[in-house]
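Q:
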Amino acid sequence: MNTRAVCLLAVAFALPTHNASAAPYRNPYGKLPANATPGDRMFADYFRAETRLLAERSLADIRTLEDWSRHKITARQQLFEMLGLDPVPPRTDLKATITGTLDHPEFTVEKLHYQSRPGLYVTANVYVPKNLSAPAPAILYVCGHANVKINGVSYGSKASYQHWGAWFARNGYVCVVIDTVQLGEIEGIHHGTSREGLWWWNSRGYSSAAAEAWNCIRALDYLQS
0 MNTRAVCLLA VAFALPTHNA SAAPYRNPYG KLPANATPGD RMFADYFRAE TRLLAERSLA
60 DIRTLEDWSR HKITARQQLF EMLGLDPVPP RTDLKATITG TLDHPEFTVE KLHYQSRPGL
120 YVTANVYVPK NLSAPAPAIL YVCGHANVKI NGVSYGSKAS YQHWGAWFAR NGYVCVVIDT
180 VQLGEIEGIH HGTSREGLWW WNSRGYSSAA AEAWNCIRAL DYLQS
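With numbering that gives the first Met the number 0, the residue at position 99 of the sequence shown is 98, and numbering never jumps.
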């Protein structure tokens with residue numbers, strides 16, 4: 000064995016080895032503030048410049064209604080592709096079911112569930128003004144993060160936003176307030192890749208944004224039915 004080989008062998012044995020049981024690495028400096036490093040600032044500057052260009056150029060070719068009529072076809076297709084809704088799923092039977100009603104002097108609240116896709120239930124409340132004599136304008140209200148749970152039973156987020164449904168109904172609108180997948184009466188999962196380790200979502204082409212967008216589209220179908 001020559002001298003060079005002996006030196007390399009000695010270096011190899013001198014290097015520290017990975018210990019699977021060792022404690023995970025922790026940043027000794029604690030949490031850094033935003034844009035604390037040159038790399039952070041470089042990324043921030045880059046994205047700031049790119050978003051400015053996108054904003055300036057987004058409608059550069061849209062001057063007339065005819066321009067928009069042509070452009071919206073491509074824009075809608077791109078949006079559906081980004082959401083994970085290309086190709087568009089079939090519009091299956093909603094199987095809309097009203098399980099009960101609540102009576103108010105100015106409006107009625109219908110307790111609704113429908114299936115945006117077979118087996119995917121969406122829970123909702125529909126606020127209908129009283130004494131309607133003609134078709135009314137409609138509002139689709141999508142809830143935020145305000146789920147209501149009592150004794151372990153989920154009432155969905157719509158319970159926190161009922162004042163908006165009531166407001167629209169008092170002002171002549173039919174308003175359907177739908178729950179989200181994660182915070183509905185039937186609780187699902189939104190954050191599969193961010194904290195649940197469900198990386199197969201990506202390989203299967205699943206997107207929680209697509210599910211929510213499709214739930215909204217089918218709610219509009221219900222309002223038009």
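Beta carbons: idealized from backbone N, C-alpha and C, even for Gly.
With DSSP as the reference, identify every bridge partner of K148, one or two as the case may be.
A: On the sequence shown, position 149 is the one that residue 148 refers to. As a beta-bridge residue in DSSP terms, K148 pairs with S153.
Q: Any idea what DSSP makes of Y126, helix, strand or coil?
A: Walking along the sequence shown from the start, residue 126 turns up at place 127. In the structure shown, the three-state DSSP call for Y126 is strand.
Q: Just to confirm the assignment, what range does the alpha helix (DSSP H) spanning R116 have?
A: Locating residue 116 in the sequence shown gives position 117, where the first residue counts as 1. From DSSP, R116 is part of no alpha helix (DSSP H) but of the beta strand (DSSP E) over 106-116.
Q: Excluding the 5 residues flanking T91 on each side, which residues of the same chain have their C-beta closer than 8 Å to its C-beta?
A: Position 92 of the sequence shown, counted from the first residue, corresponds to residue 91. Within the same chain, T91 has close Cβ partners Q114, R116, P117.
Q: I'd like to check one pair, V87 with V125: are the Cβ atoms closer than 8 Å?
A: For the purposes of this step, residue 125 is taken as the residue at position 126 of the sequence shown. For the purposes of this step, residue 87 is taken as the residue at position 88 of the sequence shown. Cβ distance not < 8 Å, so V125 and V87 don't count as in contact.
Q: Compute the distance between the beta-carbons of G171 and A135, then report whether it is under 8 Å.
A: In the sequence shown, the residue the question calls residue 171 occupies position 172. In the sequence shown, the residue the question calls residue 135 occupies position 136. Yes. Within cutoff.
Q: Kindly indicate the opening and closing residues of the alpha helix (DSSP H) around D39.
A: Your numbering for residue 39 matches position 40 in the sequence shown. Note, D39: alpha helix (DSSP H), 37-56.
Q: With D214 and V121 assumed to form a contact (beta carbons below 8 Å), what rounded beta-carbon distance in angstroms separates them?
A: As a position in the sequence shown, residue 214 is number 215, starting the count at 1. As a position in the sequence shown, residue 121 is number 122, starting the count at 1. The question names Asp, but residue 214 in the sequence shown is Asn. Rounded, the Cβ-Cβ distance is 5 Å, consistent with contact.
Q: Could you spell out where the beta strand (DSSP E) holding I177 opens and where it closes?
A: Counted from its first residue, the sequence shown places residue 177 at position 178. Unbroken beta strand (DSSP E) run through I177: 173-177.
Q: Would you tell me roughly how many angstroms separate the C-alpha atoms of L111 and E184, rounded to the nearest one?
A: Position 112 of the sequence shown, counted from the first residue, corresponds to residue 111. Position 185 of the sequence shown, counted from the first residue, corresponds to residue 184. As the crow flies, the alpha-carbon of L111 is around 11 Å from that of E184.
Q: Identify every residue that forms a DSSP beta bridge with G99.
A: Looking up residue 99 in the sequence shown gives position 100. Looking at the DSSP assignment, G99 forms a beta bridge with K110.
Q: Under the rule that 16 or more other beta-carbon atoms within 10 Å means buried, what is D178, buried or exposed?
A: As a first step, residue 178 is located in the sequence shown; it is residue number 179 there, counting from the start. Buried, since its Cβ has 16 or more Cβ neighbours within 10 Å.
Q: Helix, strand or coil for I228, going by three-state DSSP, please let me know.
A: Because residue 228 is not part of the residues shown, which for the chain are 0 to 224, the question remains open.
Q: Evaluate contact between the stretch 148-162 and the stretch 187-198, counting only Cβ atoms and requiring at least three cross-stretch pairs below 8 Å.
A: no
Q: Tell me whether T122 counts as near the ligand MN, meaning its Cβ is closer than 7 Å to at least one heavy atom of that ligand.
A: No copy of the ligand MN appears in this structure; indeed no ligand is present at all.
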